[in-house]
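See structure below.
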Amino acid sequence: MQDTVTTPQPSAVSRPSLSTQDKTSTGITGSQPWKPMVTPASVKSKPPTSGNSFYRMRRIIAEDPEWSLAIVPLLTELCIQHIVRNFQNNPILKQLLPEHQQKVLSRLSPDLPLTVTANLIDDEGYWRRCCTQRWPVCYVAQHGGSWKHMFFERHLENLLKHFIPGTTDPAVILDMVPLCRNYVRRLHVDQFLPPVRLPSPPRAVDQSDSGSEGEVEESTTDHYQLGDLVAGLSYLEELDLVYGVKDCGMNFEWNLFLFTYRDCHSLAATIKACLTLKIFRLTRSKVDDDKARILIRSLLDHPVLEELDLSHNLIGDRGARGAAKLLSHSRLRVLNLANNQVRAPGAQSLAHALAHNTSLISLNLRLNCIEDEGGQALAHALHTNKCLTTLHLGGNELSEPTATLLAQVLSTNTTLTSINLSCNHIGLDGGKQLLEGMSDNKTLLEFDLRLSDVAQESEYLIGQALNANREAARQRALNPIQFMSPITADGPENSAG
Amino acid sequence: MTTVPQKLAKLLLCGTELVTNIQVATDTREINRRVEEEEIKRQRIEKLENEVKTSQDKFDEITAKWEEGKQKKIPQDLWEMLNSQQLHCAGLIEDKNKLISELQQELKTKDDQYVKDLKRQSDDICLLLERMEEQVKNVMKTFRQELHHIEKAFEVERQELLTNNKKKWERALQAHNAKELEYLMNRIKKVEDYERELNRQRIWDCEEYNMIKIKLEQDVQILEQQLQQMKATYQLNQEKLEYNFQVLKKRDEESTVIKSQQKRRINRLNDVLNNLRSKYAKQIKQFQEENQSLTLDYKRLVMQFKELQKAMRHFALIDEKKFREIWLMNEDEAKDLISRAFAVDRIIHTHHLGLPWTEPDFLFLKNVGPLSQQPQKSATQVVEEVLMQTEDEVEEAASDLASYLDLPKQVSAKTTKKILMLLCDESGFLIESKLLSLLLPLEKSECYLLRLDAIFSALGIESEDDLYKLVNFFIKYRAHHLSISQAKPPLQASVQQLSVVSEQEMDMLEEEEETLVKDREQEESLVEEGEQEESPVEQVEQEEEKESPPSPNLIHPNDVLKTLEAFVMGVNKPRELRGPVRVPKVECNDSKDSEYWLALTTVIPPTKQNLWDAFYTALQKYHLVLTQRAKLLMENEALEQQNTELQMLLQQYLDSKINSELQVPPTQVFRMPTK
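Sequence order for the protein chains is A and B.
Just so it is clear: in the first sequence, position 297 is 288 by our numbering, and no numbers are missing.
Just so it is clear: in the second sequence, position 239 is 240 by our numbering, and no numbers are missing.
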């Protein structure tokens, strides 16, 4: 078209004698007659195809009145269907357009083998379907809000829970490593099965009676060694293990719950090699002093470890001393030694480490037996410590002397926000002293004194002070947002008063 | 509303407390259990230990009895003992069994306890669940209530807002309607107006349009004409430009050709430049080498020059000597000639003229050696001399020399010395203090000498003349008669006299010189002559001292300074003019030489020469006469001799035999001419 229109122009230009008006007029007139000539030609070239469709359509309508164009799926739709059907053999996803990808993903079956899907599909919707299909209860927030992470973490946990050393092929788990290495941040395994021994019942009875043969027994009851798996998971941050058996029922045996020395050593090596680990929990696993020390020694100077939870074990003073050493050789933020057998010396060593520590913010010594000596040492340590915010000393046989010292700490310390002294024998006088200490404190938000023989009056007054502190903290949290804070802050305090 | 958050917080807190109460209760129970357990454990252990002890005792007793039993021989006793032993053993076993059963009982109770605890725990868990559910329900309820309240309040607010807004809206709508109507009326009115206006405008526009059309058509025609013209000019311009373009193209070609030529030239010139540069570099090197060689040459030349100078000095000395020798030779010759002339003159006078001859007396005839300017002695030298005189008074020979005055006539050496001593004493302030300290250890005379030297340098007295001027001034100042300027002429006269007298006395003093020279400081060879001449001066002076009348009273010491001041004021002016005069002295020397030699030529005065000339002519004439006479005499003699010879020959001829033999004898021939 354009060629035909432009051709007359050069001829007009080549004639310089003509006036400009003439030129334009000829140009226009030249182009006008051409256009109608061209358009029919283009129209003529089309008819064969359009005429055909017309013809066919009409015939089909005549034969089958129910047939309609709408029912015939689009080619893309057909392709997508095909892709979905053959996804296992020929996974095509990345090459598709985004909307087609979405369609494919929404139709894929959650039963597809992980070898195909693991590193190919990132879509949360697909993994959500996978999760909901496998588990009735899904709490995504625990897994960093990612369904994919949740799927892989729980899948791996499942495998580990049902792994029986000696009978199950280790490749079952190790094969998973390349698939899930990028998606597992957290491993929460609450049971490790011991190896199965066929002639177990008679022997087990004999050996359970004689403790002297425990060593021999241990070597045969080793659990799965996590070393290879953890080394493969490059983003592992949280490790939560329980060396025990769930739902054993009437098959109970003591050695089902054995955390052997070999297990301990291999675990220690594993956590030492895992440099991304931030949270390590080993609970309800009968960890005694020696094992705790082995574990803690491997955790010394760990670059990123923040939380250590060894609650519900059998750790005594020596283990506590090891933990105290760890406090000064790492950046630990949370230490949980609840329900162990820590006594006064262990608490004293912990207090010594705490006095100069600048990273620990939470210490839990619930259900130990540190008594007044340990309590006093901890209170002294809190005079110099400027970091600890949460302290749990519930059920530690504490009494008045500790309370008096803690009251002094309360009046000076400005970092503590939560103290738990429940289930102790503070006594009436101790309660009064704590109340005095509370009167000077403006930062404490929680102070648990239940069942600690404190007078109801002082407990109530302490509660009032806590309420005021809480209100102030709430206002403080609102402050940066509201510039009217002084007025609003006054209101509630007056009403409370 | 402000209390709601608190209420909710309280609800939550209470709920959690309620829920955690169970945990706390369990904890306390656990603790209590632990405590009890510990207590029981302790008791049990104690009990077991006690049991162990007692059973051990019993066992020991039994074992002891076994020993006892071994010693028993009587079977009855043995049987009894065995029985008792059996009983004991049974008791022991019974105790143990009892203990075991007790422990088993305890275990059973513990099992029951465990079951109970399990039940309790399950109850607790149930309770916990219940409470949690209750809590959840409660919280849900309250939150829902709260939400409901909020919604209600919101609804009410919304309703109010709605009604308010509706009212407002209606009001605004009414106002709007009224306004709309008004606007409509206005608009209709306006539209009518505009229509009328439009019609008017249309008619007017039509007219105007026609007019403009005509005008524009005219304009179009004019413009077309202009366009044609423009086209023509355009054509013209185009042709011109084309022509120009051609020309420029040509020029461009030319310029490219020229450019290439220029480039070639540049290349060529560059080559030349490079050549020149290399040449230049070469030349620089060459010139440097040359320069080095030249500097070497120069050094050598300087050395040569120095050597030459040395040689020159040497030659100057030698020349001086030669000059002197030649001078002496010439002088001797001249004197010889003069003496011959004098002898001749005397002969002429005495022999020929018969007059008495007196020898002319000329001073310069007595001069021996070249005339040379006596160098002016420095003031210090003079002073030194003066001082030396006084010291050497003893040594002074009583030389009877002619009256020679070194100083002006009225000043004697002694007065000079006195004046100098006075000056030295009075004007000590002119000497530097350092010098004074240095002078202390020296001898008196030396001390005076150095002091005077310093004073003279301070006063600006340099030459001998100055010194004498000073002395003169002192004397005259005291006299008050003469002006300062008059001191000059006598001084000059004295110098001339000195030179003349010294020449005359040269010969006589030669012997004494040598002895005196030793005492003085050795000076350069050039000065030696002057020194030689000085030696007589002293002696003359000393002689003068004795002869001259005692000098008049010396100037009073107090006036010395005034006198000095006046002297300095007066003398400074003439001295300034003196500097440049010194140079032409050498020429003066030459003129004196020539005068000397001229004087030598005029030893014979012209009158005498005239006389000699006249005498010479007269004598010549006389000589001529005498020679003529002598010649004549000689001729005469020769003729006489010829004659005699001829006679003798004739005789001979005549006497010879040949004559006879001859046909014609010569005698006849002879006789014929003679005839």
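Glycine is no exception: its CB is placed at the ideal position from the N, C-alpha and C atoms.
| Asked | Found |
| --- | --- |
| Under a CB-based cut-off of 8 Å, is leucine 247/A close to chain B? | no |
| Roughly how far, in whole angstroms, is the beta-carbon of glycine 310/A from the beta-carbon of alanine 338/A, given that I think they are within contact range, below 8 Å? | With a Cβ gap of about 12 Å, glycine 310/A and alanine 338/A do not count as contacting. |
| Anyone know if the C-beta pair for threonine 408/A and threonine 380/A falls short of 8 Å? | yes |
| Any C-beta of chain A sitting closer than 8 Å to the C-beta of alanine 91/B? | no |
| Write down the C-beta distance between glutamate 244/A and isoleucine 270/A rounded to the nearest angstrom, noting that I regard them as a contact closer than 8 Å. | Glutamate 244/A to isoleucine 270/A, Cβ: 31 Å. No contact. |
| What do you get for valine 423/A, buried or exposed, if any count of 16 or more other CB atoms within 10 angstroms of its CB means buried? | Before going further, note that residue 423/A is lysine rather than valine in the sequence given. Buried: at least 16 other Cβ atoms inside 10 Å. |
| If we ignore side chains and look at the alpha-carbon of each, how far apart do asparagine 359/A and glycine 70/B end up? | 57 Å |
| So what's arginine 272/A in DSSP terms, helix, strand or just coil? | strand |
| For glutamine 72/A, which residues in the same chain have their Cβ closer than 8 Å to its Cβ, ignoring the five residues on either side in sequence? | Pro64, Arg98 |
| Keeping to the same chain, check which residues put their C-beta closer than 8 Å to that of threonine 267/A; ignore five residues upstream and five downstream. | Ser225, Tyr226, Leu227, Glu228, Val295 |
| When the cut-off is 8 Å and only beta carbons count, does glutamate 147/B lie next to chain A? | no |
| If leucine 384/A and glycine 366/A are in contact, beta carbons under 8 Å, what's the gap, nearest whole angstrom? | 7 Å |
| Mapping the DSSP letters down to three states, classify valine 20/B as helix, strand or coil. | helix |
| Listing by chain order, which chain A residues have their CB less than 8 Å from the CB of glutamate 31/B? | Leu358, Gly386 |
| Given that a residue counts as buried once 16 or more other Cβ atoms are within 10 Å of its Cβ, and exposed if not, what is serine 261/B? | exposed |
| Could you please tell me which residues of the region 395 to 415 of chain A, in chain order, have their CB closer than 7 Å to any CB of chain B? | Ser413, Cys414 |
| Check this for me: beta carbons of leucine 412/A and aspartate 439/A, under 8 Å apart or not? | yes |
| In chain order, which beta strand (DSSP E) runs of at least 3 residues are fully inside the region 348 to 372 of chain A? | 353 to 355 |
| How would you write the range of the beta strand (DSSP E) that phenylalanine 154/A sits in, first residue to last? | No beta strand (DSSP E) holds phenylalanine 154/A; DSSP gives it neither H nor E. |
| According to DSSP, is histidine 383/A part of a helix, a strand, or is it coil? | strand |
| Please report the distance separating the alpha-carbon of lysine 59/B from that of proline 186/A. | 48 Å |
| Verify whether the separation of the beta carbon atoms of valine 5/B and glutamate 147/B is less than 8 Å. | yes |
| Given a cut-off of 8 Å, decide if valine 561/B and glutamate 360/B are closer than it, judged by their beta-carbon atoms. | no |
| Rounded to whole angstroms, what's the CA-CA distance from glycine 454/A to isoleucine 306/A? Just pull it up for me. | 34 Å |
| Below 8 Å on the Cβ atoms is my guess for valine 236/A versus leucine 178/A; work out the distance and round it to an integer in Å. | That pair is no contact at about 18 Å. |
| Measure the Cβ-Cβ separation of isoleucine 126/B and glycine 386/A and say whether it is below 8 Å. | no |
| Give the residues of chain A in contact with alanine 26/B, contact being defined as C-beta atoms less than 8 Å apart. | Leu442 |
| Check the DSSP bridge columns for arginine 314/B and list the partner residues they point to. | DSSP, once it has assigned bridges, lists no residue as partnering arginine 314/B. |
| Note down, in chain order, every chain C residue with its Cβ under 9 Å from the Cβ of asparagine 238/B. | Within the model displayed, chain C is absent; protein chains A and B are what it includes. |
| For asparagine 432/A, does the three-state DSSP call read helix, strand or coil? | coil |
| Use the C-beta contact count for glutamine 643/B: other C-beta atoms within 10 angstroms, 16 or more gives buried, fewer gives exposed. | exposed |
| Taking 8 Å as the threshold (beta carbon to beta carbon), is asparagine 165/B in contact with chain A? | no |
| Assign glutamate 546/B to one of three DSSP states: helix, strand, or coil. | With a pLDDT of 40 at glutamate 546/B, under the threshold of 50, the modelled position of that residue is not reliable, and the figure given next carries that caveat. Three-state DSSP puts glutamate 546/B in a helix. |
| Measure how close the beta-carbons of histidine 320/A and leucine 291/A come, nearest whole angstrom, since I'm counting them as under 8 Å. | 5 Å |
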